[in-house]
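Chemist:
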Amino acid sequence: LKHAYPYLKRWHSFWKEEKGEGRARRDGNGDGLLEWGSDSEFVSQNVPEWEEKADGRQRAMWESGQDDLPNWDNASFDKEAETLSMNCVDLNSLYALDAYCLAQIANILNLSEDYDLYLAEYEKMKELINNNLWDERQGFYFDRHWDGRFSERKAASNFYPLLARIPEEKMASRMLIKHLLNPKEFWGDYVIPSISRDDPAFKDQQYWRGTIWPPTNYLVYQGLKA
Numbered sequence: 001l002k003h004a005y006p007y008l009k010r011w012h013s014f015w016k017e018e019k020g021e022g023r024a025r026r027d028g029n030g031d032g033l034l035e036w037g038s039d040s041e042f043v044s045q046n047v048p049e050w051e052e053k054a055d056g057r058q059r060a061m062w063e064s065g066q067d068d069l070p071n072w073d074n075a076s077f078d079k080e081a082e083t084l085s086m087n088c089v090d091l092n093s094l095y096a097l098d099a100y101c102l103a104q105i106a107n108i109l110n111l112s113e114d115y116d117l118y119l120a121e122y123e124k125m126k127e128l129i130n131n132n133l134w135d136e137r138q139g140f141y142f143d144r145h146w147d148g149r150f151s152e153r154k155a156a157s158n159f160y161p162l163l164a165r166i167p168e169e170k171m172a173s174r175m176l177i178k179h180l181l182n183p184k185e186f187w188g189d190y191v192i193p194s195i196s197r198d199d200p201a202f203k204d205q206q207y208w209r210g211t212i213w214p215p216t217n218y219l220v221y222q223g224l225k226a
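Just so we're aligned: the sequence shown equals residues 1 to 226 in the working numbering.
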């Protein structure tokens, strides 16, 4: 842990590192929540042929690791901020979990200042996610456009707040009963498809549009344990 900790800290700092004009790298609208994005300054001059005409929005989708997830279909790209103009449930949940894990490592290494710093950041992210990405009417977490509209897309990664212990127990129960165990959405003989079964894109059955991925199922499983 002593060897790895500085590298883990550096990776964590990337997402909110100042990018000029006081803007955090992946917090394009400055609300404390993160969006997937792309830094034009870091794009290589020698990219593969299939990547040559990719714009910032496409690169942001690639950064998510869920390249063609339907959640991004209606997300616009802010060219000035170089991020999607939508707070992303998956990224914010993973970032919150990262802060929590760094706090635990700092505690083991007796770095009390770091422990307090990362634990406070985790609690702040937890508050922001619950206040801004939880839809009380639907009983679920959703990506949210900068103009305040919730996305209507329900993906397996919308369960990631469970991983970081973000929902209260009653909230988590609503997520499980209404969505996870619903055969019209994520349950069935084969569980947790990448996008809900009632999503128009589910019929595509390709890549992140309806197929089932072991990594997301594993992370949701760990979320249930948490």
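Note that the Cβ used here is the ideal one computed from N, Cα and C, for glycine as well.
(1) Taking the C-alpha atoms as reference points, what is the distance between Asp90 and Lys170?
(2) Measuring straight from C-alpha to C-alpha, what distance separates Asp114 and Arg10?
(3) Take Thr211 as the anchor and find which of Ala24, Leu8, Asn46, Gln66 has the nearest alpha-carbon.
(4) Could you give the DSSP three-state label for Ala120: helix, strand or coil?
(5) Comparing C-alpha positions only, which one of Cys88, Val47, Lys53 sits nearest to Glu35?
(6) Under 7 Å from any heavy atom of the ligand NAD, does the C-beta of Asn71 make it?
(7) What are the start and end residues of the alpha helix (DSSP H) that includes Arg59?
(8) Could you tell me the distance, in whole angstroms, from the CA atom of Phe186 to the CA atom of Pro48?
(9) Hey, Leu84 and Ala75: beta-carbon distance below 8 Å or not?
Modeler: In this structure, then:
(1) When rounded, the distance between both Cα atoms is 21 Å.
(2) Taking the straight line from one Cα to the other gives about 13 Å.
(3) Selected option, being the one with the closest Cα: Gln66.
(4) Three-state DSSP puts Ala120 in a helix.
(5) Selected option, being the one with the closest Cα: Cys88.
(6) This structure simply doesn't include the ligand NAD, nor any ligand for that matter.
(7) Counted as a single uninterrupted DSSP element, the alpha helix (DSSP H) harbouring Arg59 occupies residues 56 to 64.
(8) One C-alpha to the other measures close to 36 Å.
(9) A contact, by the Cβ cut-off of 8 Å.
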